[in-house]
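In this note's numbering, the protein residues as written are 7 to 368. Where is the CB? At the ideal position from N, CA and C, for every residue including glycine. Below you'll find the structure, written out as structure tokens, and then a few comments.
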Amino acid sequence: MSRINVTSPLLPDRETFDKFIDRIFSSSRLTNCGPLVQELEASLEAYLGVKNVVLVSNGTLALQIAYKLLDIKGEVITTPFTFISTASSLVWDGLDVVFADINAGTFNLDPLDVENKITPETSAIMPVHVFGNPCEAEKIQELADKHGLKVIYDASHAFGVKFKGESILNLGDVSTLSFHATKLFHTIEGGALIINDDELCAHARKMLNFGFSGFESIDCLGINAKMNEFQAAMGLSLLPQMDEVIRKRKALSECYDSLLSKKFVSQSFQSETERNYSYYPIVFSDEAALLRAQHALNKKDIFPRRYFFPSLNELDFLDRSEAPKSTGLSKRIICLPLYNDLTTEVCSTIAGIILEASGGAQ
Ligand SMILES: *Cc1c(COP(=O)(O)O)cnc(C)c1O
7 MSRINVTSPL LPDRETFDKF IDRIFSSSRL TNCGPLVQEL EASLEAYLGV
57 KNVVLVSNGT LALQIAYKLL DIKGEVITTP FTFISTASSL VWDGLDVVFA
107 DINAGTFNLD PLDVENKITP ETSAIMPVHV FGNPCEAEKI QELADKHGLK
157 VIYDASHAFG VKFKGESILN LGDVSTLSFH ATKLFHTIEG GALIINDDEL
207 CAHARKMLNF GFSGFESIDC LGINAKMNEF QAAMGLSLLP QMDEVIRKRK
257 ALSECYDSLL SKKFVSQSFQ SETERNYSYY PIVFSDEAAL LRAQHALNKK
307 DIFPRRYFFP SLNELDFLDR SEAPKSTGLS KRIICLPLYN DLTTEVCSTI
357 AGIILEASGG AQ
């Protein structure tokens with residue numbers, strides 16, 4: 007077997023991709039909200055079941071535009087069990103990160119602990135739908151309404167996820183997506199804001215283009231977060247494949263489940279969720295057991311990833327508050343390889359190595 011990583015980027019059918027590239031060459035439109043970006047926005051709105059998709063050059067800039075768009079100031083309550091950019095983007099923009107702890111079963115922010123962390127300086131809550139598991143959105147919205155706070159969902163893992171039949175990207179004031187090459191759906195680098203309010207959406211479109219509203223008018227503070235036409239070409243080529251990709255990942259996940267679920271705890275999903283199978287996490291009894299399995303896999307050229315490690319409340323430049331559930335989970339969790347070209351045979355091999363390193367199958 008050749009090297010197996012936690013993920014491998016999805017590549018489009020070459021002929022489909024080339025047709026979009028031909029369009030770029032014949033139009034000479036390379037960037038600045040060109041026709042392919044506009045087409046991808048419309049296609050994503052239809053596919054995801056959301057009103058407005060605003061494409062940007064990466065998921066971190068999507069978050070940063072959301073902060074300025076909603077005029078976030080002071081403290082933002084978020085989770086330490088996430089990818090670094092959720093929290094570092096806040097600090098980069100001069101905002102104060104305040105961590106609340108997670109629910110150890112769902113891996114998502116615990117609304118009860120969020121409430122404990124609200125102060126007069128709090129202006130927003132930023133939950134993450136970790137590994138595509140919908141947050142407890144009703145409780146979070148109640149807290150936000152009670153205390154006059156904005157809600158930004160870092161929905162980077164939630165492409166295509168539905169709860170009770172509706173896209174979870176419609177939750178909160180703004181949701182953001184990442185379309186990085188390692189994500190379920192991607193545009194090489196890229197991201198999006200999902201904004202229900204049309205006026206806010208129009209404002210976001212100016213912000214991502216230096217604040218321009220025309221060649222000679224600059225309406226507001228802006229930045230350069232434009233997606234280019236080559237990125238959109240990748241997205242347009244991959245989007246028609248996504249239902250099939252998710253079905254394939256579901257089958258691979260079920261293969262892992264059938265071999266591992268007796269021995270290992272995984273994530274508990276909200277019921278009535280239509281999942282996207284973006285990650286396959288398993289939780290070990292302790293860090294030593296995790297390291298034994300990781301070592302055994304690495305010896306066979308298999309490289310799972312410790313998502314998320316360390317828990318972000320362990321980092322010096324972030325909030326060092328105690329978050330025992332996040333800290334505990336981050337030491338014991340690993341995401342197994344899961345991508346479109348993986349086979350159930352390889353999943354079985356991986357599960358076998360893990361079971362053997364953990365004292366044999368039962
Ligand atoms: C990937 C990711 C991001 C960052 O997105 P980029 O497109 O890489 O900038 C932010 N938050 C979460 C939870 C992510 O997984």
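query, result
"Residues in the same chain with beta-carbon distance under 7 Å from Arg-281, minus the five sequence neighbours each way, listed in chain order, please.", "Gly-138, Val-167 and Phe-275"
"Just the Cα atoms here: how many angstroms apart are Leu-199 and Ser-34?", "27 Å"
"Going by Cα to Cα distance, which pick from His-163, Leu-258, Leu-42 and Asp-28 is closest to Lys-232?", "Leu-42"
"Just how far apart, CA to CA, sit Pro-86 and Tyr-73?", "18 Å"
"Assign Phe-105 to one of three DSSP states: helix, strand, or coil.", "strand"
"Whose CA, out of Pro-330, Gln-300 and Glu-320, lies closest to the CA of Ile-10?", "Gln-300"
"Residues in the same chain with beta-carbon distance under 7 Å from Gln-368, minus the five sequence neighbours each way, listed in chain order, please.", "Bear in mind that a pLDDT of 45 at Gln-368, under 50, signals an unreliable position, so the number given afterwards is only what the model happens to contain. For Gln-368, where only same-chain residues beyond five positions count, the Cβ hits under 7 Å are Lys-268 and Lys-269."
"Measuring only the C-alpha atoms, how far is Glu-235 from Gly-55?", "23 Å"
"CB Thr-193 to CB Met-240, shorter than 9 Å?", "yes"
"How would you call Glu-148, buried or exposed, if buried means at least 16 neighbouring beta carbons within 10 angstroms?", "exposed"
"From the DSSP secondary-structure annotation, give me the bridge partner or partners of Met-233.", "Partner(s): none; Met-233 has no beta bridge."
"In the DSSP assignment, the alpha helix (DSSP H) including Pro-41 goes from what residue to what residue?", "41-54"
"Which residue wins for smallest C-alpha separation from Pro-343, given the options Leu-155, Leu-335, Glu-144 and Asn-304?", "Asn-304"
"Is Phe-309 helix, strand or coil when you go by DSSP?", "strand"
"Kindly examine ligand 1 and report whether one of its heavy atoms sits closer than 8 Å to the Cβ of Asn-215.", "no"
"Among residues of its own chain, excluding the 5 on either side of Leu-36, which ones have a beta-carbon nearer than 8 Å to its beta-carbon?", "Ile-30, Asn-234, Glu-235 and Phe-236"
"Does the Cβ-Cβ distance between Ala-68 and Ser-184 come in under 9 Å?", "yes"
"Which same chain residues, not among the five before or five after Tyr-262, have their C-beta less than 7 Å away from its C-beta?", "Tyr-286, Leu-342, Cys-353 and Ala-357"
"Could you check whether the region 109-116 touches the region 147-164, counting it as contact only if at least three pairs of C-beta atoms, one from each stretch, sit closer than 8 Å?", "no"
"Ordered along the chain, which non-local residues of its own chain (more than five positions away) have a Cβ less than 7 Å from that of Thr-125?", "Glu-81"
"Leu-227: buried (16+ other C-beta within 10 angstroms of its C-beta) or exposed?", "exposed"
"Note down the Cα distance separating Asp-203 from Lys-331, rounded to an integer number of angstroms.", "35 Å"
"Considering Phe-218, what are the terminal residues of the beta strand (DSSP E) in which it resides?", "218-220"
"Is Asp-160 helix, strand or coil when you go by DSSP?", "strand"
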